[in-house]
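J.:
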Amino acid sequence: MCWPLTPREHEVALTMIRHAHPSPDEEDRATFTRVQQEAWDPPALITPAQRVTWESSLAEAVVTNPCDCGSCPSIGMRPVNRVDDAARDDTGGQGDFANRIILDATVDGCMLLLFIDDDSPSYLELAPTDDEIYTEFPPPERILF
Numbered sequence: 047m048c049w050p051l052t053p054r055e056h057e058v059a060l061t062m063i064r065h066a067h068p069s070p071d072e073e074d075r076a077t078f079t080r081v082q083q084e085a086w087d088p089p090a091l092i093t094p095a096q097r098v099t100w101e102s103s104l105a106e107a108v109v110t111n112p113c114d115c116g117s118c119p120s121i122g123m124r125p126v127n128r129v130d131d132a133a134r135d136d137t138g139g140q141g142d143f144a145n146r147i148i149l150d151a152t153v154d155g156c157m158l159l160l161f162i163d164d165d166s167p168s169y170l171e172l173a174p175t176d177d178e179i180y181t182e183f184p185p186p187e188r189i190l191f
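For the sequence shown, my numbering begins at 47 and goes up steadily by one.
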């Protein structure tokens, strides 16, 4: 079963598409050990055309699976014409993808990540870094890039 993104989910994902940068960025990568640097790909350059493509894909996205951790409002999503892809993926829509970019931001007490897989937003994650329980995503104006 799938359903439309809430207005807040859509706003947050759209804000991430328009303003967030890949994780890890050059500054983070500079602090990595040699082994860590070898394990992580260099930051991908994001083009305006990619952001337009992702925004277009978001317009067609539906929620395919909410996180069931009880601490966050994270959601898996797919364009409505690819919902069957998520159903076949036993990792909840977070399987291996040839072209994965992770956009990164923060908000008080949380990491905020948007996974882009094969040019479509696939997972919006609010990962608490404290012991709070979050039931919804923060308003876009609280997101720090």
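Ideal placement from N, C-alpha and C gives every residue a C-beta, glycine not left out.
Just so it is clear, the structure is predicted and the values come from calculations on it, not from any experiment.
#1: Do you know how far the Cα of M157 is from the Cα of P89?
#2: Judging by CA-CA distance, which residue of Q83, I189 and P53 is the nearest neighbour of L149?
#3: Let me know if A105 comes out buried or exposed under the rule of 16 or more other beta-carbons within 10 Å of its beta-carbon.
#4: Assign F183 to buried or exposed, taking buried as 16 or more other Cβ atoms, counted over all protein chains shown, within 10 Å of its Cβ.
#5: Can you tell me the Cα-Cα spacing of R146 and D164, whole angstroms?
#6: Considering just the uninterrupted stretch of the alpha helix (DSSP H) at E57, what are its terminal residues?
#7: Going by DSSP, what residue range makes up the alpha helix (DSSP H) through P98?
T.: A quick look at the data gives this:
#1: Numbered from its first residue, the sequence shown carries residue 89 at position 43. Numbered from its first residue, the sequence shown carries residue 157 at position 111. M157 has its alpha-carbon roughly 18 Å from the corresponding atom of P89.
#2: Mapped onto the sequence shown, residue 149 falls at position 103. Out of Q83, I189 and P53, the CA that lies nearest to the CA of L149 is found in I189.
#3: By one-based count along the sequence shown, residue 105 stands at place 59. Burial check for A105: the Cβ neighbour count within 10 Å stays below 16, so the residue is exposed.
#4: Here residue 183 refers to the residue found at position 137 of the sequence shown. By the 10 Å Cβ count, F183 comes out buried.
#5: Position 100 of the sequence shown, counted from the start, is the residue given in the question as residue 146. Position 118 of the sequence shown, counted from the start, is the residue given in the question as residue 164. Rounded to whole angstroms, R146 and D164 show a C-alpha spacing of 6 Å.
#6: The count along the sequence shown starts at 1 and reaches residue 57 at position 11. Residues P53 to H65.
#7: The residue you call residue 98 lines up with position 52 of the sequence shown. In the sequence as displayed, the identity of residue 98 is Val instead of Pro. First-last of the alpha helix (DSSP H) with V98: P94 to A105.
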